[in-house]
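J.: Following this message is one structure expressed as structure tokens.
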Amino acid sequence: MTRVMLEVGHGPYRDRTGATGFEEGASGPGTTEYKQVKQMAPIAAAQLRELGYEVEISDPVDTLVAIGQKAAGSDLFVSLHLNAFNRSAQGTEVLVHRNGTQEDVELAQYIQNSLVAALGLANRGVKRQGLAVLSGVPLTVRAACLTESYFIDAVPNAATAERYTELAGRAIAEGIDKYAAANGIKPQLAPVNKSKEVMELELVNVAKYYSALPHQIAALNWLQDQLSPQVKEEFTRRWRNG
Ligand SMILES: [Zn+2]
95 MTRVMLEVGH
105 GPYRDRTGAT
115 GFEEGASGPG
125 TTEYKQVKQM
135 APIAAAQLRE
145 LGYEVEISDP
155 VDTLVAIGQK
165 AAGSDLFVSL
175 HLNAFNRSAQ
185 GTEVLVHRNG
195 TQEDVELAQY
205 IQNSLVAALG
215 LANRGVKRQG
225 LAVLSGVPLT
235 VRAACLTESY
245 FIDAVPNAAT
255 AERYTELAGR
265 AIAEGIDKYA
275 AANGIKPQLA
285 PVNKSKEVME
295 LELVNVAKYY
305 SALPHQIAAL
315 NWLQDQLSPQ
325 VKEEFTRRWR
335 NG
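Written out as structure tokens, the structure reads:
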């Protein structure tokens with residue numbers, strides 16, 4: 095099972111003195127960074143879960159150290175943020191820690207490519223930065239990065255932000271999946287005992303094809319239990335050849 099942790103940037107926090115607070119991150123017209131990445135996380139998570147990943151969304155009142163400790167059980171860690179600068183700068187970038195590994199860069203690059211293709215904004219590339227949230231991610235996590243999908247202060251209105259957020263959520267999931275596929279950690283959805291299951295299905299379908307009578311299907315189910323795998327295989331082969 096491949097585990098992914100999606101960290102929602104900003105929102106509730108606890109500082110080193112134990113005091114709690116809340117911050118919205120950057121702001122755009124009628125919306126904020128936190129509002130958007132909070133929506134983005136479940137969009138990406140739903141798509142990843144459909145592909146067989148185990149996904150945890152992290153939006154805790156926690157210190158960075160505690161977030162890092164929680165991330166230890168995951169294979170991949172992606173922190174969701176949005177950019178802001180001077181209301182005219184545009185584009186998509188994905189960040190890895192200043193001392194990030196080749197794996198971090200590779201994951202970031204897959205996500206970056208996918209985001210650029212989906213949003214159609216300027217490609218600002220994968221960059222290295224000294225990011226506190228990524229420095230807390232333990233080395234047991236195979237790869238980690240932080241997405242800045244678009245500049246929230248440069249969108250014309252909240253509706254555009256919502257549209258970008260939805261596209262970005264899906265693109266991030268797609269990028270993660272492509273990285274996993276390229277590195278042999280994409281979840282296997284097909285059952286291990288595939289050939290036997292396929293055969294059973296085929297035998298039952300023969301019965302349904304001819305009769306659709308429940309007792310005949312039951313009889314066939316009983317019959318196939320009596321057959322050796324070789325006989326079933328031969329049956330399937332002959333049936334296929336007409
Ligand atoms: Zn941020």
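Start counting the sequence shown at 95; every next residue gets the next number (my numbering). Positions of the beta carbon are idealized from the N, C-alpha and C atoms, including for glycine.
Who does residue 124 pair with in a DSSP beta bridge?
T.: Paired residues: none, contrary to the question.
J.: For residue 149, does the three-state DSSP call read helix, strand or coil?
T.: It is a strand residue.
J.: Between the beta-carbon of residue 178 and the beta-carbon of residue 267, is there less than 8 Å?
T.: For residue 178 and residue 267, no; Cβs fall outside 8 Å.
J.: Figure out for me which residue from 132, 137, 278 has the closest Cα to the Cα of residue 104.
T.: For residue 104, the nearest C-alpha among the options comes from 132.
J.: On a CA-only basis, which of 237, 130, 270 is nearest residue 206? Give me that one, please.
T.: Among 237, 130, 270, the Cα nearest to that of residue 206 belongs to 270.
J.: Excluding the 5 residues preceding and the 5 following residue 161 in the sequence, name in chain order all residues of the same chain whose CB lies nearer than 8 Å to its CB.
T.: Once the five neighbours on either side are set aside, the close Cβ partners of residue 161 are 101, 152, 154, 227, 230.
J.: Looking only at its own chain, which residues have a Cβ that is under 6 Å from the Cβ of residue 336, when we skip the five neighbours before and after it?
T.: Here the model assigns residue 336 a pLDDT of 48, short of 50, so the residue's position is not dependable and the matter cannot be decided.
J.: Does the structure place the region 237 to 254 close enough to the region 169 to 186 that three or more beta carbon pairs sit under 8 Å?
T.: Yes, they touch.
J.: Rounding to the nearest angstrom, what Cα-Cα distance links residue 328 and residue 313 in this structure?
T.: Answer to the nearest angstrom: the Cα atoms are 19 Å apart.
J.: Is residue 122 closer than 8 Å to residue 253 when the C-beta atoms are compared?
T.: Cβ atoms of residue 253 and residue 122: not closer than 8 Å.
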